[in-house]
Structures are given as C-alpha cells and as structure tokens.
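S.K.: Residue numbers (the working numbering): 4 to 438. Glycine included, C-beta positions come from ideal geometry on N, C-alpha and C. Since the model is a prediction, treat every value here as computed from it, not as a measurement. Quick one: the structure is below, questions incoming.
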Ligand SMILES: [Zn+2]
C-alpha cells in the first residue's frame, strides 16, 4: 500500500456523512465530541479546542496571516476608477454618542458617504473572471429550510458564506436541520458564523436564554451548546468561525458573531469598549470580514427609522482593517450593498422583515492572491482534511529519510494525516472563550 493510499483511507474514515449520524456525544467540558453512527459504531469526529483565554485569541489573530505578504484585495474605489480614499476618522462629538447610533450617524454622514450600489451587480454578477474567488453570500435564513419556506436559488461559487441567524432560537433540532441542508449544498467551501438568534452557539449565555426561550431542560445547557458546535464542525467542507479566520486561495476571511446589545440574545455586547475589543481581534489586511451585525451607516437602517449599526466596527473597518468587503445580516430590511469609497458593505439578509426568505443571495468576486505554489496549495484546500494531509504527505516525500525507508514513510504518513485531521478539527472549533 502506498503512503498516499494510507492517507486516502485515513481521510475517508475521518470524513463522515452527516446522514449516517444518529447521535452526538460530548464531554461536560465540551472538549471531545463523538458521534454514534447508524451502523452502531462510534467515532470521534471532532476534538473541540480547550477553552481559550482571550490572550490566546489575540495572539492567534496576530499570527493568522503571517505567511501571506501580498497586498489586500482591491478596494471598491479601484473598481470604479476613482482614487482610493480612506474616510475621515470619526469625530469626538460623534464618538460621545456611541450609545445613540442614529444621532452619531447624523454627525458622521456629514463627512463621509454610504453610497448604495446597484443590487443587480450582486444578484446578477458578470461571468467570473479567471483567477478570482467567487463568494456567494446569504444570512438570516432563520430555519426557512425547516419551515418549508422555499429559499431563493443559490448560484454557483467557490465559497458560500452564511453571516448568522441560521435558526429561529438555536434549538438543537434547528441546528441539525440547518447542518443537513447546508451540508447538502454543492459549494466546495462553506463558512458560517452564528448570530443573535442562534442561542445554543453562545455557551456563556445559553444557561439563561435556554430557560427564557423554553428550550428542553432534558439537555444541560453547556452540553447542548457543545453539541451545537460539534454539529456545525461536522458539516463537510465547512468552517465555523468565531473570532477566528481562514483563507481561500490567499483571500483572507474573518468571522465574528457579536453585535451591540439587544435584549440579551446571544453574542450581545454593550456598545463601546466591549464591542471594540472584539473588532480589535480582526487582523489588519483581512479581505473579507464577516460579522453578524452591520457597521454604523451601512445596511443598518431599521424600519423604525433608527440605525442599529456599530460605531466602533465602522471605525475599525475604515481606519485599520480596510477590507475589500464586509458581509453581514441582522437588520433584514437593510438588505443590499453600499460603499464608503474603499470597502463594500454587503447586507446579505435572506429573510425579509417578516421572516420570508425572499432576498436573493449576493455574489462578488475577489482576485485570488496566490503564486503557482500557493495555487497548488489552494487546490488542496478545497477539501480541508484532504488538503492538510496531502501537504504533510508532500513534506514527507521531500525528506531523504523517506526515500531510503519507504515503509517507515507509510507509517509516518498515517500519523501525520491523523495529526493534520486533528488540526483541521481544532481550527473549526473557534478561538474564543465565549464562542
Ligand atoms: Zn435575523
């Protein structure tokens, strides 16, 4: 048996179809998750990370893209031929109104724009140019797939993004339904974050919210929360981001579920410093930032006429992170796209204000930033477990020891494949204490 075949077998056993799972078992500390399969066997499918301290999350964000030195994806301004401009910093007068976003935006909008972009550019995009990564964005589907509500057709693309609120209140059966639906979609890469409705994903508040929302008391909240995360982590080719990042053919993506406080739902934080500390985790140079909620002034106008966006998120995006795209949902009626001249803000809410899943997915392309060597690595990354293991396999073959001792190589390959699979699972678990 060649080392590569050993890999293939190890990986085939590591990948388990969601449909064959009959139950998920989790330790009380949420670290180890097993699932019982339909044939009666039991298999470890995910080892969630130990509870990370905030410092580790910060270190992780600082290290996230250390291997990538190419410039960020092109900003909106270069697409339109205008000179790239960074919007002016938010004034002290506006900052003093951090808890009154509607009034704060009145001051801020005198100095900078939130220009609506034509919806057709995102719902009927031009043919994908070679060398680009196509992102298909949805958000706030609110268990439409379980409610028998037909969702709009999902176009092809390299990556499917879901910006949170995939359930109504995060009951485990809703999570399972979402996982089955999302896992069945044909996109090669999928990235999902949680939203304020996905209550069980937020372990720190689920003890309270599970009672308030009348969730079954049969499962202890911490255990249910670990099960919810394990189910998301088991979706094939899907990454669950929670104050963590990934990259797709060199395009850097970061995901964060937090939003300014709104009646103690999941991932709520007071406006001001608490929110800003989450945005400070996002590495400068990220190309596509996913958060559940909007930044102030972009896709955040509620039907009441009030603005719900986060002032600190706007400031961090404009002055430090400067992504090409910010993808979010949360304010269903804010669906559509705007720009400040540098960043394009995409509110991809699938549901309308009345929770009908009628809004079309929004699509954009970002130039891949990869050399030929990176392109090779990126092709491998298309199926995450395979990618990591094959990279280890290639490394193994570069060592003189392997050339001399083929059978040793096979054993090492299997061990490396196992380690790579474990690393992939750890990456999927999110990086923050509260996630
Ligand atoms: Zn929603």
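Compare the C-alpha of residue 306 against each of 337, 258, 278 and name the closest.
M.R.: Residue mapping note: residue 306 aligns to position 303 of the chain shown, counting from 1. Nearest option by C-alpha distance: 337.
S.K.: In this structure, how does DSSP classify residue 298 when only helix, strand and coil are distinguished?
M.R.: To locate residue 298, count along the chain shown from 1; it is residue 295. DSSP places residue 298 in strand when its eight states are reduced to three.
S.K.: Reducing DSSP to helix, strand and coil, say where residue 196 ends up.
M.R.: Numbered from 1 along the chain shown, position 193 holds the residue referred to as residue 196. Three-state result, residue 196: coil.
S.K.: Looking only at C-alpha atoms, which of 135, 172, 236, 365 sits nearest to residue 245?
M.R.: Working through the chain shown from its first residue, we reach residue 245 at position 242. If we check each option's Cα against that of residue 245, 236 comes out closest.
S.K.: Under 8 angstroms, with one C-beta from each stretch per pair, do the region 147-162 and the region 210-220 reach the 3-pair mark?
M.R.: no
S.K.: Looking at C-beta atoms only, is the number of pairs between the region 169-188 and the region 220-237 that lie closer than 8 angstroms three or more?
M.R.: yes
S.K.: Where does residue 218 sit, in a helix, a strand or coil, going by DSSP?
M.R.: Residue mapping note: residue 218 aligns to position 215 of the chain shown, counting from 1. Coil.
S.K.: Give the DSSP-derived three-state secondary structure of residue 230 in the structure shown.
M.R.: Along the chain shown, read from residue 1 onward, the residue named residue 230 stands at position 227. The answer is helix: DSSP assigns residue 230 an H, G or I state.
S.K.: Report whether the distance from the Cβ of residue 173 to the nearest heavy atom of ligand 1 is below 8 angstroms.
M.R.: Numbered from its first residue, the chain shown carries residue 173 at position 170. Every heavy atom of ligand 1 is 8 angstroms or more from the Cβ of residue 173, so no.
S.K.: Spell out the partners DSSP gives residue 349 in its beta bridges.
M.R.: On the chain shown, residue 349 is found 346 positions in, with the first residue counted as 1. Per DSSP, 330, 340.
S.K.: Name the residue from 178, 241, 174, 152 whose alpha carbon lies nearest to the alpha carbon of residue 2.
M.R.: A question about residue 2 goes unanswered here, because the residues of the chain that appear run from 4 up to 438.
S.K.: Going by DSSP, what residues sit across from residue 165 in a beta bridge?
M.R.: Position 162 of the chain shown holds residue 165. Answer is 141, 195, bridged to residue 165.
S.K.: I need the residues with a C-beta less than 5 angstroms from some heavy atom of ligand 1; please give them in chain order.
M.R.: Ordered along the chain, the selected set is 143, 168.
S.K.: I'd like to check one pair, residue 354 with residue 89: are the Cβ atoms closer than 9 angstroms?
M.R.: What you label residue 89 is simply residue 86 of the chain shown in a count that begins at 1. What you label residue 354 is simply residue 351 of the chain shown in a count that begins at 1. No, the pair does not count as a contact, with Cβ atoms beyond the cut-off.
S.K.: Could you check how far apart the C-beta atoms of residue 262 and residue 296 are, in whole angstroms? I think they sit under 8 angstroms.
M.R.: What you label residue 262 is simply residue 259 of the chain shown in a count that begins at 1. What you label residue 296 is simply residue 293 of the chain shown in a count that begins at 1. Right, the Cβ-Cβ distance comes to about 3 angstroms (below 8 angstroms), so this counts as a contact.
S.K.: According to DSSP, is residue 358 part of a helix, a strand, or is it coil?
M.R.: Position 355 of the chain shown holds residue 358. Coil.
S.K.: How far does the beta strand (DSSP E) with residue 255 in it reach, from first residue to last?
M.R.: Position 252 of the chain shown holds residue 255. Residues 254-259.
S.K.: Assign residue 153 to one of three DSSP states: helix, strand, or coil.
M.R.: Mapped onto the chain shown, residue 153 falls at position 150. Correct three-state label for residue 153: coil.
S.K.: Please classify residue 109 as buried or exposed, where buried requires at least 16 other C-beta atoms within 10 Å of its C-beta.
M.R.: Reading the chain shown from its first residue, position 106 is the one you call residue 109. So residue 109 counts as exposed.
S.K.: Is the beta carbon of residue 328 closer than 9 angstroms to that of residue 358?
M.R.: Taking the chain shown and counting its residues from 1, one reaches residue 358 at position 355. Taking the chain shown and counting its residues from 1, one reaches residue 328 at position 325. No, Cβ-Cβ distance for residue 358 and residue 328 is not below 9 angstroms.
S.K.: Compare the C-alpha of residue 299 against each of 345, 103, 221 and name the closest.
M.R.: Within the chain shown, the letter at position 296 stands for residue 299. The residue from 345, 103, 221 with its alpha-carbon nearest to that of residue 299 is 103.
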